[in-house]
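Working notes, structure below.
2 protein chains.
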Amino acid sequence: MVRTLEHPDPADLTLQQVLEALVDPVRRRIVTQLSEAADGMSCGTFDAAVSRSTLTHHFNVLREAGLIRQTYAGTTKLNVLRTEDLESRFPGLLPALLAAGA
Amino acid sequence: MVRTLEHPDPADLTLQQVLEALVDPVRRRIVTQLSEAADGMSCGTFDAAVSRSTLTHHFNVLREAGLIRQTYAGTTKLNVLRTEDLESRFPGLLPALLAAGA
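Just so you know, the sequences run in chain order S and L.
This note's numbering numbers the first residue of the first sequence as -10 and each following residue consecutively.
This note's numbering numbers the first residue of the second sequence as -10 and each following residue consecutively.
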């Protein structure tokens, strides 16, 4: 059985939820790192000075806000930024945030 | 004596403070209304379902984050969006947020 995680449709993304996700500097750092990793990153490879469980919480917030897509890969999760979905829903927002040093 | 209010220099604006200001929907609504008012708006003319003192707080947060410039105009304050300062510091961010329905 393939386990999957819930992801909101692009049309259901809200600016409120995206901003609530990105107001946290650790989550912005995750997004920045993902933006530089074309093939995504597994949860264990992030450079963040927080505990594993805190990191899991941050990934959940990012996934529920529609910023990242998470898929199971063996015993870990692979994370990719939903760049195209975000661009279609909020044109220019993610590039501007990344340029601002998100 | 002319009373003035403190405003951060464009170089001192931080993405953290801008996002903390804009994560609040009332403050985003103020920014949207200001973006449509070329000559600025006085505090009393805002369409927001909050008390006067709450509105004053929101304006202070927006000013301290560098999003608006406030000047005294008689017994009220005139508010203008710092569009050019924001564009120079965070290119594309404000237009993307406004397009997203900020």
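Glycine included, every Cβ here is placed at the ideal spot set by N, Cα and C.
If you follow the beta strand (DSSP E) that residue i is part of, which residue opens it and which one closes it?
i	result
Arg58/S	Ile57 to Ala62
Thr65/S	Thr65 to Leu70
Is it true that the CB of residue j sits closer than 9 angstroms to the CB of residue i?
i	j	result
Asp74/L	Gly90/L	no
Val127/L	Leu67/L	Any question about residue 127/L goes unanswered here, given that chain L covers just -10 to 91.
Ala10/S	Glu53/S	yes
Val50/L	Arg71/L	no
Leu82/L	Leu82/S	yes
Could you pull the start and end residues of the alpha helix (DSSP H) that residue i belongs to?
i	result
Val50/S	Arg41 to Glu53
Leu82/L	Leu82 to Ala88
Thr21/S	Pro14 to Ser24
Ala10/S	Leu4 to Leu11
Within a Cβ cutoff of 8 angstroms, which residues of the same chain sit near residue i, ignoring the five residues on either side of it in sequence?
i	result
Ser77/L	Pro(-1)
Thr65/L	Ser31, Cys32 and Gly33
Gln22/L	Met30, Phe35 and Asp36
Exposed or buried, residue i, counting other C-beta atoms within 10 Å across all chains shown (16 or more means buried)?
i	result
Val7/L	buried
Ala85/S	buried
Leu(-6)/S	exposed
* To do: Taking a Cβ distance cut-off of 7 angstroms, strictly less, list which residues of the stretch -3 to 26 of chain S are near chain L, in chain order.
  => Leu4, Gln5, Leu8, Glu9, Leu11, Val12 and Pro14
* Asked: In the stretch 37 to 63 of chain S, which residues sit with their C-beta less than 7 angstroms from some C-beta in chain L, listed in chain order?
  -> none
* Closer than 9 angstroms, Cβ to Cβ, to anything on chain S: give me those residues from the stretch 66 to 82 of chain L, in chain order. => Listed by position, the residues of the stretch 66 to 82 of chain L near chain S (Cβ gap below 9 angstroms) are Arg78, Phe79, Pro80, Gly81 and Leu82.
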